[in-house]
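Colleague:
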Amino acid sequence: MEKSSSSIPPEITEFFGQKGGRSLLVKGGAGTGKTTFALQFMEELIDSEKSLYLTTRVSDEALFQHFPWLKEKEMRARIIDSGRVLLQALAPGDKEEEKPKDGRVEVARDFLKSIRKDESGPPTQVDRRLFSVLLEENRMPELERIYDRVNAILPEKATVVVDSVEGFVNKYGIGIDDLIITLQKDLVENSNTNVIFVLEKAEAPDIEYLVDGVAQLHRWQMENRRVREIRLLKLRATEIRQPAYLMTLHGGLFKPFEPFEYSPTKGTKWEPKKDLNGFYSTGIENLDHLLEGGFRRGSYNIVEIDNSVSSEEYQSILRPLFLNFLSQGRGLTAVLPGGDHPSSIRQDMVQYVEPAVFDGNVRILDHFILRSDNPYIVALGDPKEAQKNYRDAMQALDGKPIIDYTGFDTLEYLMGNKMQISELLTGVAKLKVSQNLGIGVIKPGLKLAQEVVNMADVYLKIMSINRCPVIFGIKPSTVVYALVNDREKGSPHVKLIPIV
134 MEKSSSSIPP
144 EITEFFGQKG
154 GRSLLVKGGA
164 GTGKTTFALQ
174 FMEELIDSEK
184 SLYLTTRVSD
194 EALFQHFPWL
204 KEKEMRARII
214 DSGRVLLQAL
224 APGDKEEEKP
234 KDGRVEVARD
244 FLKSIRKDES
254 GPPTQVDRRL
264 FSVLLEENRM
274 PELERIYDRV
284 NAILPEKATV
294 VVDSVEGFVN
304 KYGIGIDDLI
314 ITLQKDLVEN
324 SNTNVIFVLE
334 KAEAPDIEYL
344 VDGVAQLHRW
354 QMENRRVREI
364 RLLKLRATEI
374 RQPAYLMTLH
384 GGLFKPFEPF
394 EYSPTKGTKW
404 EPKKDLNGFY
414 STGIENLDHL
424 LEGGFRRGSY
434 NIVEIDNSVS
444 SEEYQSILRP
454 LFLNFLSQGR
464 GLTAVLPGGD
474 HPSSIRQDMV
484 QYVEPAVFDG
494 NVRILDHFIL
504 RSDNPYIVAL
514 GDPKEAQKNY
524 RDAMQALDGK
534 PIIDYTGFDT
544 LEYLMGNKMQ
554 ISELLTGVAK
564 LKVSQNLGIG
574 VIKPGLKLAQ
584 EVVNMADVYL
594 KIMSINRCPV
604 IFGIKPSTVV
614 YALVNDREKG
624 SPHVKLIPIV
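Residue 633 is where the sequence shown ends in the numbering used here, and the numbering goes up by one at each step.
(1) I need the boundaries of the alpha helix (DSSP H) containing E584, first residue and last residue.
(2) Between I279 and V293, which are expected to be in contact by the criterion C-beta below 8 angstroms, what is the C-beta distance as a whole number of angstroms?
(3) Between which residues of its own chain and K565 is the CB-CB distance below 6 angstroms, once the five residues before and five after are set aside?
(4) Classify I373 as helix, strand or coil using the three-state DSSP reduction.
(5) Out of L459, I179, D310 and F501, which has the shortest C-alpha to C-alpha gap to V483?
(6) Per DSSP, what are the beta-bridge partners of M596 in this structure?
(7) With a CB to CB cut of under 6 angstroms and the five nearest residues on each side skipped, what residues in its chain are close to R452?
(8) Give me the Cα-Cα distance between V436 and K576, rounded to the nearest whole angstrom.
(9) Going along the chain, which unbroken runs of the beta strand (DSSP E) with 3 or more residues stay wholly within the region 414-469?
(10) Measure how close the beta-carbons of L616 and V633 come, nearest whole angstrom, since I'm counting them as under 8 angstroms.
(11) If you draw a straight line from the C-alpha of Q349 to the C-alpha of D260, how long is it?
(12) For W403, write down the residues that DSSP places opposite it in a beta bridge.
(13) State the beta-bridge partners of F541 as determined by DSSP.
(14) Suppose you measure from the CA of M134 to the CA of K402; what does that come to, to the nearest Å?
(15) From the beta carbon of G306, is the nearest beta carbon of chain B less than 8 angstroms away?
(16) Suppose you measure from the CA of F264 to the CA of L332; what does that come to, to the nearest Å?
(17) In terms of residue numbering, what span does the beta strand (DSSP E) encompassing P274 cover?
(18) From Q568 to G411, what distance separates their C-alpha atoms?
(19) Distance, Cα to Cα, F455 vs G493?
(20) Short of 7 angstroms in beta carbon distance, which residues of its chain neighbour K628, apart from the five on each side in sequence? Order them along the chain.
(21) Would you call the CB atoms of N457 and P405 closer than 8 angstroms?
(22) Among P142, V283, I373 and G400, which residue has its Cα nearest to the Cα of M380?
(23) Below 7 angstroms CB to CB, which residues in the same chain sit around Y413 once its five sequence neighbours on both sides are set aside?
(24) Which of helix, strand or coil does DSSP assign to A512?
(25) Got a sec, what are the start and stop residues for the alpha helix (DSSP H) S324 sits in?
(26) Quick check on this structure: which residue in L382, T326 and R282 has the alpha carbon closest to the alpha carbon of G164?
(27) Between the beta-carbon of I598 and the beta-carbon of V442, is there less than 8 angstroms?
(28) Does the distance from the CB of P586 to the CB of R358 come in under 8 angstroms?
(29) May I have the straight-line CA-CA distance separating K399 from P508, to the nearest angstrom?
(30) Quick check on the burial criterion: 16 or more other C-beta atoms within 10 angstroms. Buried or exposed for Q317?
(31) Would you please state the rounded distance, in angstroms, between the beta carbons of T326 and V298? I believe it to be under 8 angstroms.
(32) Does the distance from the C-beta atom of P475 to that of D499 stay below 8 angstroms?
(33) Suppose you measure from the CA of E336 to the CA of L366; what does that come to, to the nearest Å?
(34) Go through its chain and collect everything with a Cβ distance to K250's Cβ below 7 angstroms, but skip five positions before and after it.
(35) Quick one: measure Cβ to Cβ for A526 and R504, integer angstroms, because I've assumed they're closer than 8 angstroms.
What follows is the structure in structure tokens.
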């Protein structure tokens, strides 16, 4: 590979980067993004002089209409429009496209031939043995042109995309396996050429064994929301570390999402995001836009976390909100969800705000300890001291806007059946009058989940798909968004990218 890109799964990049030719069958139903993938692969990973795109489904002009970014990438010379080439071959008086004549190229090719001693080196002439057999039944001018261009590129490696296989074989009445075997033997195995076959169906067990690799583009509905993925089913001689990637076609571009990793950026201090009138910023620009300003002041908001989501993943959604509050001298009270620990929260937050800011503005309520030596931890384990400790802790936050953060799994464990819905309603009503912000976290299996959800002004869900966290709104209803690190700003900044 002569270029690198984060828009193509790394396993595919490695697969095509190996010595010799490789073939990849890209299959999937209509609208799954096969053409987008193939075009973007060519544009990002292959030099324009060494790639060819044979289109049988739409004309080259239609491609430019559907993918306007192609015009900026000098793609026209790389596209071989099957319909146009056939007309050129049949119409009397029409001339085939003239090949560029450059004496220096011919001299260079002759020189390479003269010094080529090792027969295992790259070929200098395209193999046409099986293609000649196909030509005995029909003339195929677009394939002839492909072979001629590959021959002109040799001994450098060429890349050919056939989109689609069905369109071509139906046009000439040949079998799919005949076409694939011909190109596999002539171009891939004997002419140092990479070939991508685009198939217009999701399953093709009878031909998959003929190629070196198989990738499937798939889409499905999750709670009536679209989800897309690319599955790596077979990549010969290449380790498949991630069998499937969540992906999107946002902006008309193919983009897969690698597994999420939180990597703190040392020495970064959080710069507060401005609040819109009547709202508190979530600290995430995309999420503020999604909620039309952020979380409304005096609102109660629920985040449901699926069992597939790690603490690291859901904290990446909540961390910017907490930092945006603390960096402006506001407060945070918390009953942490099960599995989270006060010292870990502090250790994480003080990377981006001063320790004194955290200690002065955070109060984590711990019902399991009798005493605390840390100002940010409030010991509530002793019933006799619990009320006094709570009053003293809240006094330090008096007059400040606060986030009331509650892990309902912990609360349900502590209260059991004694916890009444009336208590929850009363607490939410007080919060709304105070103009503070309520954030509740629920997990699958909670008995109080539905009652808590019914009280919510905003209800978000976080799940993990192929090791990538996604978030979507139930109230308000939204599409699915992938959570990714903001590479320009660095951690703890994140972005949301819609799955469309």
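Just so it is clear, CB atoms sit at the ideal spot from N, CA and C, and this is done for glycine as well. Nothing here was measured: the structure is a model prediction, and the numbers come from that model.
Modeller: On the basis of the supplied data:
(1) On the sequence shown, residue 584 is found 451 positions in, with the first residue counted as 1. That run of the alpha helix (DSSP H) goes A582 to N587.
(2) Taking the first residue of the sequence shown as 1, we reach residue 279 at position 146. Taking the first residue of the sequence shown as 1, we reach residue 293 at position 160. Sure, about 6 angstroms apart at Cβ, within 8 angstroms.
(3) Mapped onto the sequence shown, residue 565 falls at position 432. Cβ neighbours of K565 beyond the five flanking positions: G431.
(4) Residue numbering aside, residue 373 sits at position 240 when the sequence shown is read from its first letter. In the structure shown, I373 sits in coil (DSSP, three-state: anything other than H, G, I, E or B).
(5) Translated into positions along the sequence shown, residue 483 becomes position 350. That would be L459, whose Cα lies nearest to the Cα of V483.
(6) Your numbering for residue 596 matches position 463 in the sequence shown. Beta-bridge pairing links M596 to V603.
(7) As a first step, residue 452 is located in the sequence shown; it is residue number 319 there, counting from the start. Beyond the five residues adjoining it in sequence on each side, R452 comes within less than 6 angstroms, by CB distance, of P625 in the same chain, given in chain order.
(8) For the purposes of this step, residue 436 is taken as residue 303 along the sequence shown, with counting starting at 1. For the purposes of this step, residue 576 is taken as residue 443 along the sequence shown, with counting starting at 1. Roughly 9 angstroms between the two C-alpha positions.
(9) 433-438 and 464-468
(10) The residue labelled residue 616 in the question sits at position 483 within the sequence shown. The residue labelled residue 633 in the question sits at position 500 within the sequence shown. Going by Cβ atoms, the distance from L616 to V633 rounds to 16 angstroms, so no, they are not a contact pair.
(11) Indexing the sequence shown from 1 puts residue 349 at position 216. Indexing the sequence shown from 1 puts residue 260 at position 127. So the two alpha carbons sit approximately 29 angstroms from each other.
(12) As a position in the sequence shown, residue 403 is number 270, starting the count at 1. Beta-bridge pairing links W403 to no other residue.
(13) Taking the first residue of the sequence shown as 1, we reach residue 541 at position 408. None, per the DSSP bridge assignment.
(14) As a working note, residue 134 is residue 1 in the sequence shown. As a working note, residue 402 is residue 269 in the sequence shown. Bear in mind that the predicted position of M134 carries a pLDDT of just 45, short of 50, making it too unreliable to give a figure here.
(15) This model lacks chain B altogether; it includes just one protein chain.
(16) The count along the sequence shown starts at 1 and reaches residue 264 at position 131. The count along the sequence shown starts at 1 and reaches residue 332 at position 199. Distance between the alpha carbons of F264 and L332: 20 angstroms.
(17) Translated into positions along the sequence shown, residue 274 becomes position 141. First-last for P274: P274 to I286, but that is the alpha helix (DSSP H), not the beta strand (DSSP E).
(18) Start at 1 with the first residue of the sequence shown, and residue 568 comes out as number 435. Start at 1 with the first residue of the sequence shown, and residue 411 comes out as number 278. Computed Cα separation, rounded: 10 angstroms.
(19) What you label residue 455 is simply residue 322 of the sequence shown in a count that begins at 1. What you label residue 493 is simply residue 360 of the sequence shown in a count that begins at 1. So the alpha carbons of these two residues sit roughly 14 angstroms apart.
(20) For the purposes of this step, residue 628 is taken as the residue at position 495 of the sequence shown. Setting aside the 5 residues that flank it on each side, K628 is surrounded in the same chain by N419, V617 and D619, each with a C-beta closer than 7 angstroms to its C-beta; the list follows chain order.
(21) Translated into the one-based positions of the sequence shown, residue 457 becomes position 324. Translated into the one-based positions of the sequence shown, residue 405 becomes position 272. In contact: N457 and P405 (Cβ atoms closer than 8 angstroms).
(22) Along the sequence shown, one-based indexing puts residue 380 at 247. Of the listed residues, the one whose Cα sits closest to M380 is P142.
(23) Looking up residue 413 in the sequence shown gives position 280. Only G427, F428, R430 and L570 meet the Cβ criterion.
(24) The residue you call residue 512 lines up with position 379 of the sequence shown. Here A512 sits in strand by DSSP.
(25) Taking the sequence shown and counting its residues from 1, one reaches residue 324 at position 191. Element bounds for S324: n/a, residue is neither H nor E.
(26) Sequence index remark: in the sequence shown, residue 164 carries index 31 (1-based). Checked all of L382, T326 and R282; the closest Cα to G164 is L382.
(27) Reading the sequence shown from its first residue, position 465 is the one you call residue 598. Reading the sequence shown from its first residue, position 309 is the one you call residue 442. Not closer than 8 angstroms, so no.
(28) Reading the sequence shown from its first residue, position 453 is the one you call residue 586. Reading the sequence shown from its first residue, position 225 is the one you call residue 358. Sequence inspection shows Val at residue 586; the Pro mentioned does not correspond to that position. No, Cβ-Cβ distance for V586 and R358 is not below 8 angstroms.
(29) Walking along the sequence shown from the start, residue 399 turns up at place 266. Walking along the sequence shown from the start, residue 508 turns up at place 375. Each residue's alpha carbon lies about 25 angstroms from the other.
(30) Sequence index remark: in the sequence shown, residue 317 carries index 184 (1-based). So Q317 ends up on the buried side.
(31) The residue given as residue 326 occupies position 193 in the sequence shown. The residue given as residue 298 occupies position 165 in the sequence shown. Wrong, their Cβ atoms sit about 16 angstroms apart, outside the cutoff.
(32) Reading the sequence shown from its first residue, position 342 is the one you call residue 475. Reading the sequence shown from its first residue, position 366 is the one you call residue 499. Taking C-beta atoms as the reference points, P475 and D499 count as a pair closer than 8 angstroms.
(33) Along the sequence shown, read from residue 1 onward, the residue named residue 336 stands at position 203. Along the sequence shown, read from residue 1 onward, the residue named residue 366 stands at position 233. E336 and L366: Cα-Cα distance of roughly 12 angstroms.
(34) Taking the first residue of the sequence shown as position 1, residue 250 is located at position 117. Only weak support exists for where K250 lies, its pLDDT of 43 falling under 50; the value from the coordinates is given anyway. Result list for K250: empty, nothing under 7 angstroms.
(35) Taking the first residue of the sequence shown as 1, we reach residue 526 at position 393. Taking the first residue of the sequence shown as 1, we reach residue 504 at position 371. Not confirmed; about 13 angstroms, so no contact.
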